[in-house]
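The structure appears right after this line, and notes come after that.
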Amino acid sequence: MKSIFKNNAAPVIKRHMIDRFQDRITYTSSKLILTIFLLLVAFIGLIKNVFGLTDYLKNVSFIYQFYLDIAHFIWMPLVILAIPMIGGLSQIAFGQRASSRRDRLVIFMTFLTIILIMTMYPQALSGGLEIRFPEVLGIGIGFRIDMLGYIVLLITSIIWFLVMVYAHEYMKKENKSTRFFFFLAFTYVSVLGAIMAGDLLTMFLFFESMTIFSYMLVIHGQAEEAYKAGQNYIFMGLIGGFLILCAILLLYFNIGDLRFVSAITKLDGLGNLKYWIMGLLVLGFGIKAGMAPVHVWLPRAHPVAPTPASALLSGIMIKVGAFGILRTATSYFFPSKEAVSSYADPIWLTIESIGAIIIWFGIITMVVGVFLALQQSNIKRMLAYHSVSQMGYIVLGIGVSLYLGYKGAMGYSGAIYHIINHALFKSLLFMVAGVVFYHTHEADMYKLGGLWKKLPFTAIICLIAALGISGIPLFNGFISKSLLHHGIVEAYTYGDKMFFFAEILFILVSAGTVCSFIKMYYYVFIRKTDRNYDHIKREFSCLDSAMGLIAILIVIIGVFPKLLLNEFILPQLRLITFDPDFIEHYIVDAHFFTSEDLWMTVLVVFLGVVLFFAGSKFHWFHIKLPRWFSLEYLFFLPAFIIMRLICRYLRGDRCPIEYSSYNLLNLKNDNQTGFVDRFVITMKAFNLRFEASIIKSDALIYTGFITLVLLFMFIFGRF
Amino acid sequence: MIEQLPIINLLLLLGTALIIPLFKKRPFQLSLTLCFLVLLTVLVSSVFLLIHVLEYGEFYYHFGNHENLIGIEFLIDAFSAFFTVFVAALVLVIYLYSWKDKTEGIENKEFGRYYILLFILLFSIFGILYSNDLFNTYVFIEILSITSCAIISIKRKKETYTAAFRYVMLNEIASMSYLLGVALIYMITGHLNLERVATSLQSIWPLYSTNIIIAIGFMTIGVGIKAAIFPFHIWLPDAHATAPSTSSAILSGIVVKIYILVLVKLLFRVFGMEIVEALHIKWIMLILGSAGMIMGSIFAIAQKDVKRMLGYSSVAQIGYIILGIGLFTEAGLQAAFFHIISHGIMKAALFLSVGVIIYYKHVQKLKDFEGIGYQMPISMTVFSFGALGMVGIPLTSGFISKFNLGIAVIDANLIFFLIIIILSGLLNVVYYFPIVISAFLKDNKEMQKIPHIEKVPNIMLIPILTLGVAIVVLGLFPNLIMDIIVSVVATLF
């Protein structure tokens, strides 16, 4: 590890080897990435007890002692939170002047986080890590690690590390990268904190800070477009936060405990309020997760951020929203393990009706996302819409697991699996889009083409990621999509037959995804164009090494699907109140490459190819919805006109009219003014007309209100 | 000895105000140090009183040993002791800041007068809090409104005079309304002492209900004007925009809150829950409070002057406090009292950090704030913390206020007001965030060239940093003062 901090003085023998790399950090970070890969292999090996290695090591006393120490070190969550924070603060000291040292520090800190997270495995497996700080924030905060949190934590830390390596190269072309790394580090802390949270308040705390810190990443480019997208992002994010706050208040008042433990017995006594609580939570976390009616911020915010940030926004941060729904629903609304032993228990009714609604939310999200993704020409924007659509899959999985309750293990594992898979391939796809943009400064796929000759490595990586997201066998997306597909089939087998249509939509959306990626791959890499890209040099940089490992992980998961399922997801399933028989029969013995699933894939790919050819022939990829079909237009212009009429009526010709603001609200400038801008314009018009007159009518207000108050008391008072 | 502390506090404050002119010929530093020592002494003795009261319970102070039927009486209980500590501590911080901030249009020779007024103002605040007598409260209220008018108009500028004139006129109307109410009550009870009035009102309330209704109406509206409760806030924005930053901080952070506390005393100690419930005062306060929360923010959105905007924001925040009091439950009152403290700290932090910017850059318009974060990172950071607190982001004391208020609203089974709280929070985002964003993120090439970063006297930076730290500490460990607030509220029920 020492070589990381050595800047010059490289051994002469290695000189020629290093030259093939772009710079020294590429060399050291490639070594680090290799180390991480080997560590992961060793980690899996130790967990699976390959060759009886774990048993052997346990016999060596000092290693066993070390293992015990780790297994009882409960302050690990705080250490993990502290490390990126220290990294983020101390990299300021290096700043722009020593940018390579700064990047080394950042990369090393994230590397350290992965190792520390790996050492928490024994604690997470026993599900026993829980610490609380009862005085903080009045009612106390706490951390808890179980396998659900652990698996998301592990994947987050790995991807974050790789994106940091990638960012070293990518951020050379951006300004103010110290600020970027600073806020990135604090976003990392917030994400880790939200995942490790032991109660809803802690989760909310980190969730809010994540919104604020990641806002700085969205508007990093400081272009006008970025500010607009950022405004949207922060308002929607804070609205989501306030909705969660409402749910917290209602829960805390009615239950008196915000820890993630079963509360269904108390909630059942609340009547309709429990649906309100869950609705607020789903909507609040759903905004961050990009769920269908409230996804509008996502396709605007993700493309404008610098690529490392958009890879993390799409890969990790929106998952925190899904994670929040999963965590709250399966803890508060699930009965405790001892209390229930059958599928028919009436205690499941609440969660069943919530689940049915969430399934349809998921389906709508999938359809809307993929439909809009097909219309996009900007690569990053298209990927952002696919994030919406893929989040629909995850939400669907959550919905299935809630709907089926006791038998919902399939949907639950599908959702977790898809969280992991989507994190991998979506961040990879964004990184590919970033590489393309880095070399060509062009993000419009219709203006690109033939890049596979110039960027062969990137083309291969992109192919792997596209196969992953399309759900092709031997790549990771296939696994989670078949789990989710099994889930939805179970939903209409055991429950409402209406979900048969959900399955059809599921297949169509998968076909749309395939079509969309055929389109992107064709236009960016394969199509012949007259543009030449001679300035692109072929060399191995941090961009490639970071993408390489993710691609390898995608293939490994695709080829060995049981690895994740058995070692990480199954222990969590056993902790939750799911039917143990169901788990043993359907999850432990799950077969992935059955002929049924493979035929389904063939069908999906076939539909996708057909859709692609039909679409490019009939120009389906350029359909646009009419503009007046937006809430902004329907609400604020009428409000403005009504206010103008009132003002005319009251003050006649002296009424100040601002034609500029009227024009801003008008249909023609629809794209330039967002929701908040319109609100502010309307409020300014309101103030211009009424503020001064209110201040001048002080005597009227005094006499008027004193009369009103006295009348009120005389009329309604009991005496 | 400890029984004498309240009157010693008052005499110290009044005496300092009288002594400052005598030091006119001496270096000004001398009187500044003296004032600082006096404020520190008052703070320490208030803390002693608070500890004493929390341990041994309340006590009365009778002037000249006359009994309260004819004499003047002070009541020192958890309520008055706690809020005197708050006032003394906040004023100490603001006072330290004011040492160097002479440039804001206050002429040098006025500077001594400013402190005279400040100490008389503090004297009257302590008087109002301690006093257990309706008419004495009136006397102190008059002193307070005259002095606060004077510290607004200390700058010799034309617009200051208009603002101060409107302020003084409205305040006189308010004082007269209050006095009318006191007279009506004296007419039927024959007492002015709070407790005696309360006991006799209980028995004669069905007989003289008209008198009592008119008295309540005039007194609440009168105090409401002074407390800037919406829609009686009309004097506030102009007064804030033109006054020096320290005066704005004192006015918004402390003076307005004192009138709210007078209102609390009137409703809880004089009239009592029975009358309050019979006359549905709850609904008047809930409606005015929630209207203030929304309308204050809406007016703030369109402001171009930062201090005017902060003034309107105060109107909205006072709405929170009134809403909390209007619930008439223990949880509501606790939330309101916590918000009095947290808003006092946050608003003082906001006004003073803006004051630093005005001191250094001489800009007060919002559009001039673009890129100012590069030059004045410390004061803009404190401003950002204040702004985050106003929105109610976790880790700031504003979040705790919002949380407590939300719980109180649910507790009173009025979930509708939860929506108003959330809406008001969102409106706060609309006008606070753009300032922070434009200050830190809008590139202004000219601004970045300037080599001096934050070339402001340390004595101005230390107070705003203290306030910034206080916001976070209260946000992290609200139980530090929440435990005291619980016992304060217990004295009112």
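As they're listed, the protein sequences go chains B and R.
According to the numbering used here, the first sequence is numbered sequentially starting from 36.
According to the numbering used here, the second sequence is numbered sequentially starting from 300.
We treat Cβ as the ideally placed atom computed from N, Cα and C, and that holds for glycine.
Length of the line joining the Cα atoms of residue 663 of chain B and residue 574 of chain R:
Low per-residue confidence applies at residue 663 of chain B: pLDDT is 47, beneath 50, and the placement is therefore not dependable, though the value from the model is reported in the following sentence. Each residue's Cα considered, the two are about 55 Å apart.
Compute the beta-carbon to beta-carbon distance between residue 496 of chain B and residue 586 of chain B, rounded to the nearest angstrom, for a pair I have assumed lies under 8 Å.
By a beta-carbon distance limit of 8 Å, residue 496 of chain B contacts residue 586 of chain B. Their separation comes to about 5 Å.
Hey, does residue 729 of chain R have any beta-carbon neighbour from chain B nearer than 9 Å?
yes
Per DSSP, what kind of secondary structure is residue 361 of chain R in: helix, strand or coil?
It is a strand residue.
Residues in the stretch 676 to 704 of chain R having any Cβ partner in chain B nearer than 9 Å
Within the stretch 676 to 704 of chain R, the residues whose Cβ lies closer than 9 Å to some Cβ of chain B are 687, 690, 691, 692, 693, 694, 698, 699, 701, 702 and 703, listed in chain order.
Mapping DSSP to helix, strand and coil, what is residue 232 of chain B?
strand
Just to confirm my understanding: we take residue 223 of chain B, look at its own chain, exclude 5 residues before and 5 after, and list those with CB closer than 7 Å. What are they?
119 and 195
Paired residues, beta bridge with residue 753 of chain B - DSSP
DSSP lists no partner for residue 753 of chain B.
Limits of the unbroken beta strand (DSSP E) element including residue 168 of chain B:
164 to 168
Given a cut-off of 9 Å, decide if residue 451 of chain B and residue 432 of chain B are closer than it, judged by their beta-carbon atoms.
yes
For residue 307 of chain B, which of B:406, B:228, B:62 and B:388 has the nearest alpha-carbon?
Of the candidates B:406, B:228, B:62 and B:388, the one whose C-alpha sits nearest the C-alpha of residue 307 of chain B is B:388.
Who are the Cβ neighbours of residue 214 of chain B in its own chain at under 8 Å, not counting the five residues just before and after it?
251 and 255
Buried/exposed call for residue 107 of chain B, threshold 16 Cβ in 10 Å
exposed
Given that a residue counts as buried once 16 or more other Cβ atoms are within 10 Å of its Cβ, and exposed if not, what is residue 634 of chain B?
exposed
Helix, strand or coil: which one does DSSP assign to residue 743 of chain B?
Helix at residue 743 of chain B.
Segment contact, 8 Å Cβ cut-off, at least three pairs: the stretch 609 to 629 of chain B with the stretch 528 to 538 of chain B
no
According to DSSP, is residue 580 of chain B helix, strand or coil?
helix
Which residues does DSSP pair with residue 430 of chain R in a beta bridge?
Partner residues in the beta bridge of residue 430 of chain R, as assigned by DSSP, are R:373.
Note down the Cα distance separating residue 42 of chain B from residue 136 of chain B, rounded to an integer number of angstroms.
Reliability of the predicted coordinates at residue 42 of chain B is poor, the pLDDT of 45 falling under 50, and no value is obtained from them.
Going by alpha carbons, who is nearest to residue 260 of chain B out of B:332, B:435, B:161 and B:199?
B:332
Return the CA-CA distance between residue 326 of chain B and residue 377 of chain R, expressed in angstroms with no decimal places.
51 Å
Which residues in chain B sit within 7 Å of residue 513 of chain R, going by Cβ to Cβ distance?
Contacts between residue 513 of chain R and chain B, judged by CB atoms closer than 7 Å, involve 745 in chain order.
Contained alpha helix (DSSP H) runs [length at least 4] in the stretch 236 to 302 of chain B, N- to C-terminal order:
259 to 290 and 299 to 302
I believe residue 493 of chain R touches residue 571 of chain R by the beta-carbon criterion, under 8 Å. Please report the beta-carbon distance rounded to the nearest angstrom.
Not really, about 11 Å apart at Cβ, beyond 8 Å.
Should residue 821 of chain B go down as buried or exposed, given a rule of 16 or more other Cβ atoms within 10 Å for buried?
Chain B is shown from 36 up to 754; residue 821 of chain B falls before or after that span and cannot be answered.
Can residue 500 of chain B and residue 439 of chain B be called in contact, C-beta distance under 9 Å?
Contact flag unset, no.
Using DSSP with H/G/I as helix, E/B as strand and the rest coil, what is residue 214 of chain B?
helix
Please state whether the Cβ-Cβ distance between residue 578 of chain B and residue 401 of chain B is less than 9 Å.
no
What are the residues of the stretch 315 to 333 of chain R that lie near chain B, defined by any Cβ-Cβ distance shorter than 9 Å?
none
Just to confirm my understanding: we take residue 778 of chain R, look at its own chain, exclude 5 residues before and 5 after, and list those with CB closer than 6 Å. What are they?
none
On the DSSP letters alone, give me the boundaries of the beta strand (DSSP E) that residue 179 of chain B sits inside.
176 to 180
For residue 722 of chain B, decide whether its Cβ has a neighbour in chain R, counting only Cβ atoms nearer than 9 Å.
Interface flag for residue 722 of chain B against chain R is set, since a Cβ pair is found closer than 9 Å.
Could you tell me the distance, in whole angstroms, from the CA atom of residue 634 of chain R to the CA atom of residue 338 of chain R?
28 Å
Option in R:346, R:580, R:637 and R:517 with minimal Cα separation from residue 173 of chain B
R:637
Compare the Cα-Cα distances from residue 419 of chain B to each of B:379, B:94, B:638 and B:464 and report the closest residue.
B:464
Endpoints, alpha helix (DSSP H) assigned at residue 460 of chain R
457 to 488
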